[in-house]
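So the structure is just underneath, and the comments pick up after that.
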Amino acid sequence: MSKKGILLVNLGTPDSTATADVKKYLDQFLMDERVIDIPKLNRTLLVKGIIVPFRSPKTAKLYREIWNENGSPLLYYSKLQAKMLQERLGDEYQVELAMRYQNPSIASALDKLKSGLVESIQVIPLFPQYASASSGSVIQLVMELVGKWPTVPPISFVNSFHDNELMIKVFAENARKHQIDTYDHVLFSFHGLPERQLLKCDHTGSYCLKSSDCCQTLNDTNKFCYSAQGHHTARLIAAELNLPKEKYTVCFQSRLGKEPWVQPYTTDVLKKLAGEGKKRLLVFSPAFVADCLETLYEITVEYHEEFRELGGEHVQLVESLNDSPVFIEALAGMIK
Numbered sequence: 228m229s230k231k232g233i234l235l236v237n238l239g240t241p242d243s244t245a246t247a248d249v250k251k252y253l254d255q256f257l258m259d260e261r262v263i264d265i266p267k268l269n270r271t272l273l274v275k276g277i278i279v280p281f282r283s284p285k286t287a288k289l290y291r292e293i294w295n296e297n298g299s300p301l302l303y304y305s306k307l308q309a310k311m312l313q314e315r316l317g318d319e320y321q322v323e324l325a326m327r328y329q330n331p332s333i334a335s336a337l338d339k340l341k342s343g344l345v346e347s348i349q350v351i352p353l354f355p356q357y358a359s360a361s362s363g364s365v366i367q368l369v370m371e372l373v374g375k376w377p378t379v380p381p382i383s384f385v386n387s388f389h390d391n392e393l394m395i396k397v398f399a400e401n402a403r404k405h406q407i408d409t410y411d412h413v414l415f416s417f418h419g420l421p422e423r424q425l426l427k428c429d430h431t432g433s434y435c436l437k438s439s440d441c442c443q444t445l446n447d448t449n450k451f452c453y454s455a456q457g458h459h460t461a462r463l464i465a466a467e468l469n470l471p472k473e474k475y476t477v478c479f480q481s482r483l484g485k486e487p488w489v490q491p492y493t494t495d496v497l498k499k500l501a502g503e504g505k506k507r508l509l510v511f512s513p514a515f516v517a518d519c520l521e522t523l524y525e526i527t528v529e530y531h532e533e534f535r536e537l538g539g540e541h542v543q544l545v546e547s548l549n550d551s552p553v554f555i556e557a558l559a560g561m562i563k
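Its first residue numbered 228, the sequence shown is counted upward by one per residue in this note's numbering.
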């Protein structure tokens, strides 16, 4: 019986916490032309000459903080999601997992699907909100690789799933476990992007960042904008939890370099809320479907410590989708 191929792709993780493995990961990640979208010579000098040599030892140390008996949490949960999805879909489907950077590679996963003689391939980049540097990069590489095959099967992509009802319900349920009413404020902290990458997604050239509220509503002009989709995800989760607008803030973390990134920055919001006397913060990170360095360390450790130094008391992470059966139903719904 011919099977339908499903390829799940997450961002990636080093093979281990050894500095050499972290260096390989950062090098592949940051040399992606969609991640640092500057001329190749400049990117090479910046990444290989400055960022990777200096950041690798520090980043390796951070990975050691979140590594556990299962290894990388991101890889562990991604493998579990693929396994659960395969069980949910049954023998009519062949589900493979890949990482955009490092292992298992997209090339190896595609080879498994080809060897499995699948009749079609559906690719789901595991990023709820579309960004050129994440979903766009996955789609480009898959097209490049499959485009070299003598026979190209029918292939389709899930562009984004920022408004998926079941995903929204999982995030909301995870938040309810923490007794939301005991927190002074709620943050929806998304991974950051340079503003120039948002501008490139505005094909009109006359909408993006022309006003302070351009991302507050999702429309035909900004429907593929990472920030606008993020705000939409936050609104849907807030609505599911009956959170009033004044109770939550959308912000962006993981800024790199000095040029403007999507704002407001999470660190600035922490300072503002501490200055207002807020003591306890509940933080979502809805750009990720599995807990990883950005959630388990940046939010749970760094932002918690920073907020306490500012006079706050506690920053609590709302866990990601991880091994939720409801999220697996969401994936199955995208496929079927």
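Using N, Cα and C, we set each Cβ at its ideal position, and we do this for glycine too.
In the DSSP assignment, ILE562 falls within the unbroken alpha helix (DSSP H) covering 552 to 562. Fewer than three beta-carbon pairs drawn from the segment 459 to 468 and the segment 491 to 500 are found closer than 8 Å, and the two stretches are therefore not classed as touching. Counting C-beta pairs closer than 8 Å gives three or more between the segment 515 to 535 and the segment 295 to 308, which meets the contact rule. Two segments are said to touch when three or more pairs of C-beta atoms, one from each, lie closer than 8 Å; by this definition the segment 385 to 393 touches the segment 445 to 460. Out of LYS288, LYS563, ALA325, LEU289, the CA that lies nearest to the CA of SER305 is found in ALA325. The alpha-carbon of GLY419 is positioned some 14 Å away from that of SER362.
In this structure, the straight-line span from the alpha carbon of LYS267 to that of LEU273 is close to 10 Å. When DSSP assignments are scanned along the segment 374 to 414, the uninterrupted stretches of alpha helix (DSSP H) that are 4 or more residues long and fall wholly within it turn out to be 392 to 403. Cα atoms of SER359 and TRP376: separation of roughly 24 Å, rounded to the nearest angstrom. Scanning its chain for C-beta atoms nearer than 6 Å, with the 5 sequence neighbours on each side dropped, one finds around SER416 the residues CYS478, GLN480, THR493, VAL510, SER512, in chain order. Non-local beta-carbon contacts of ALA287 in its own chain, meaning distances under 6 Å to residues more than five positions away in sequence, involve THR244, THR246, VAL249 in chain order. Between ALA309 and LEU235, the CB-CB gap stays under 7 Å. Residue burial annotation: THR409 is exposed, with fewer than 16 other C-beta atoms found within 10 angstroms of its C-beta.
By the neighbour-count definition (other C-beta atoms within 10 Å, threshold 16), LEU544 is a buried residue. Annotated three-state conformation of HIS430 is coil, per DSSP. Taken through DSSP and simplified to helix, strand or coil, SER547 comes out as coil. Taking the CA atoms as reference points, PRO380 sits about 34 Å from THR431. Our two residues, PRO487 and GLN424, have alpha carbons roughly 11 Å apart in a direct line. Judged by pairs of C-beta atoms under 8 Å, the segment 550 to 557 does not touch the segment 336 to 356, as fewer than three such pairs exist. Around the C-beta of GLY232, 16 or more other C-beta atoms lie within 10 Å, and the residue is accordingly described as buried.
The shortest CA-to-CA distance from GLY560 to any of TYR434, GLU422, ARG315, GLU323 is the one to ARG315. In the DSSP annotation of this structure, the continuous segment of the alpha helix (DSSP H) that includes ARG462 starts and ends at 453 to 467. With contacts defined as CB atoms closer than 7 Å, LEU238 and ASP550 fail to qualify as a contacting pair.
Between LEU257 and ILE278 the beta-carbon gap is near 6 Å, inside 8 Å, which marks them as a contact.
By the beta-carbon neighbour count (other beta carbons within 10 angstroms, threshold 16), MET311 is buried. In the DSSP annotation of this structure, VAL528 is not part of any beta strand (DSSP E), being labelled neither H nor E. Shown here for HIS412: same chain residues with a beta carbon closer than 6 Å to its own, the five before and five after excluded, namely LEU500, LYS505, LEU508 in chain order.
Sequence-distant Cβ neighbours of SER283 in its own chain, meaning closer than 7 Å and more than five residues away, are THR246, VAL249, LYS250, LEU253.
For MET311, the enclosing alpha helix (DSSP H) starts and ends at 300 to 316. The beta carbon of PHE534 is closer than 7 Å to those of LEU497, ALA501, LEU508, VAL542 in its chain, skipping five residues each way along the sequence. ASN446 sits in coil when the DSSP states are folded into three classes, being neither helix nor strand. Here the alpha carbons of HIS458 and SER438 stand approximately 15 Å from one another.
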